[in-house]
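Notes for the one structure printed next.
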Amino acid sequence: MLASIATGLILWFLLSTPMLPPLPGDGLELPHSYEGALDQGEENGRGQADEEAAEAAPAKRPIVPAYILPSPLAVFRAIGYLHTDQALVRSAFASLKRITLGFLTAVVVAIPLGILMGTYPPLKTWIEPLSGPLRFLPISAVTPLFILWFGIDEMQKIAFLFLGTVVYLLPIVVEQVEKVDEVYLETAYTLGASPWQVISRVLIPAAAPGIWEACRVIYGIGWTYVILAEVLNARYGLGYLITLSAKRGHIDWIYALVFVILLLGIGTNKLFLLGARQLFGGREA
1 MLASIATGLI
11 LWFLLSTPML
21 PPLPGDGLEL
31 PHSYEGALDQ
41 GEENGRGQAD
51 EEAAEAAPAK
61 RPIVPAYILP
71 SPLAVFRAIG
81 YLHTDQALVR
91 SAFASLKRIT
101 LGFLTAVVVA
111 IPLGILMGTY
121 PPLKTWIEPL
131 SGPLRFLPIS
141 AVTPLFILWF
151 GIDEMQKIAF
161 LFLGTVVYLL
171 PIVVEQVEKV
181 DEVYLETAYT
191 LGASPWQVIS
201 RVLIPAAAPG
211 IWEACRVIYG
221 IGWTYVILAE
231 VLNARYGLGY
241 LITLSAKRGH
251 IDWIYALVFV
261 ILLLGIGTNK
271 LFLLGARQLF
281 GGREA
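Heads up: the sequence shown is residues 1 to 285, going by this note's numbering.
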């Protein structure tokens, strides 16, 4: 992983560092004083003109223009500016809070409902035709409805993130419950376990690693929706800062914020993996 990151940084540096000669016509206009300096006919005049001509010579250009790919130094400077002048840390925590609340709400709904759907087929037959098509719904298309239902405050953002995650988490929970080997269930019934004991002591523990893995993946989806969730009436948030950066034309800010989002995403992903090792040991999802 470190080798991949180092390779990416080196490639980024090479693509954004001025190394190529200027294109024909780039910055070839000489200063107005150039002709006057030549007309003097004196050595000092020629020297002055030569210096001005050298200063007017165009600089080298990068392989990829800065308006497409800013240099790493520019991006790191942008992180410092965003931290001191745009409350970057506060915005990062605001986005994390919104994503986490939306995710936890989805977990509270999807896991119990998914377990019931996986163990009681008639319930699945009734709910799946309603919930399944929602996975193909562009969440941004229902933004006006969320504004009408929840206003433009925090509730709207959390509800938006909830819908964006629950429609993916629910079918995965059902799938993990249905994947539990029937041998375990039949053995438990043979030993005299009640239906509730089979669900609580056999089915849920057997499906738990897969459900946890699904939660790890689904939490990451929240980062894809937080930008849309924070477009309206957000004073803080990484999505709000990206929108602000785009309006002001600060490409380096946008790259800096994407870099921060990637770091936060990697960090939360590592926490989920650590939690899986602590809770389930070597059990596979």
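Using N, Cα and C, we set each Cβ at its ideal position, and we do this for glycine too.
Bounds of any alpha helix (DSSP H) do not take in K179, whose DSSP letter is neither H nor E. Out of I172, L228, G102, M155, the CA that lies nearest to the CA of R135 is found in I172. Positions of the alpha helix (DSSP H) runs, each at least 4 residues long and wholly inside the stretch 115-174, are given as 121-131, 143-150 in order along the chain. DSSP, reduced to helix, strand and coil, places R235 outside both helices and strands of the structure shown, so it counts as coil. Apart from the 5 residues on each side of it in sequence, I79 sits with its Cβ closer than 8 Å to the Cβ of L88, A256, F259, V260 in its chain, given in chain order.
For E186, the secondary structure class from DSSP, reduced to helix, strand or coil, is helix.
Assignment of I63 by DSSP, reduced to helix, strand and coil, places it in the coil class. Membership of R201 in any alpha helix (DSSP H) is not indicated, and neither H nor E is assigned to it by DSSP. Contact check for Q176 against A141 fails: the beta carbons are separated by 8 Å or more. Around the C-beta of W126, fewer than 16 other C-beta atoms lie within 10 Å, and the residue is accordingly described as exposed. Assignment of P72 by DSSP, reduced to helix, strand and coil, places it in the helix class.
Between Y219 and F146, the C-beta gap is not smaller than 8 Å, which leaves the two residues out of contact. Spanning the alpha carbons of M117 and L170 requires a straight line of approximately 9 Å. With 16 or more other CB atoms across the displayed protein chains lying within 10 angstroms of its CB, D252 is buried.
The stretch 228-243 makes contact with the stretch 156-164, as at least three CB pairs between them are under 8 Å. By the neighbour-count criterion, in which a residue is buried when 16 or more other Cβ atoms sit within 10 angstroms of its Cβ, G275 is exposed. Taking the CA atoms as reference points, L9 sits about 8 Å from P72.
When the beta-carbon positions are compared, R216 and N269 come within less than 8 Å of each other.
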